[in-house]
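Heads up: take any position in the sequence shown, counting from 1, add 101, and you land on my numbering.
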Amino acid sequence: MDHYDVDVRSNVFCKEEDGDEGETVIAKRRITFLLLAGLAIAVIVYFSLLYLPMSLLPLHQKPTPQPIYDYYEIVDEAGGESLMTIPLIVNVGDELLTEDNRRFQVVKVIENKAYARRVADTLQLPGKK
102 MDHYDVDVRS NVFCKEEDGD EGETVIAKRR ITFLLLAGLA IAVIVYFSLL YLPMSLLPLH
162 QKPTPQPIYD YYEIVDEAGG ESLMTIPLIV NVGDELLTED NRRFQVVKVI ENKAYARRVA
222 DTLQLPGKK
């Protein structure tokens, strides 16, 4: 005589002849449920990250904008000598070459005054003194 077993969680009648088939059906349903639940969680995570405002997850810090002036004066950090006055925006890291082949790099900018540090002397061209 065949034996029927009731799966209480899913209210399904499973026919068990030797005990293995009922467990196989339950295992298949459990795997199917776990796969569907995992897929649903993955879809929810994907769309929540897709529509999450990027202001909550900043990728890079934006520097504060510096005011723009009509001209910038670049001075030697060590001696205070005025090296150049230019009508271009000056940023930290900019380099300049003076008339006497001295190379400077801007190390800080305060308002429209940039302070430069001497990096190196360049080679003199032949015939120039």
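Ideal placement from N, C-alpha and C gives every residue a C-beta, glycine not left out.
- Distances from the alpha-carbon of Arg-218 to those of Leu-151, Leu-137, Pro-188, Val-193 put Val-193 closest.
- Within the same chain, Leu-184, Met-185, Phe-205 come within 8 Å of Thr-199 by CB-CB distance, once the 5 residues on both sides are set aside.
- Contact check for Glu-178 against Lys-214 fails: the beta carbons are separated by 8 Å or more.
- By a beta-carbon distance limit of 8 Å, Val-176 does not contact Asp-195. Their separation comes to about 14 Å.
- With fewer than 16 other Cβ atoms from the protein chains shown falling within 10 Å of its own Cβ, Gly-180 counts as exposed.
- In this structure, DSSP gives Leu-198 an extended state, which the three-state scheme calls strand.
- Judged by DSSP in its simplified three-state form, Tyr-216 adopts strand.
- When Ser-149, Asp-171, Glu-182 are compared, the shortest CA-CA separation from Val-191 is found for Asp-171.
- By alpha-carbon distance to Leu-189, the top candidate from Ile-169, Glu-182, Asp-201 is Ile-169.
- Glu-174 has Thr-186, Lys-214 as its beta-bridge partners, per DSSP.
- Nearest to Pro-166 by alpha-carbon distance, out of Ile-211, Asn-202, Ser-149, Leu-140, is Ile-211.
- Under the three-state reduction of DSSP output, Val-144 falls in the helix class.
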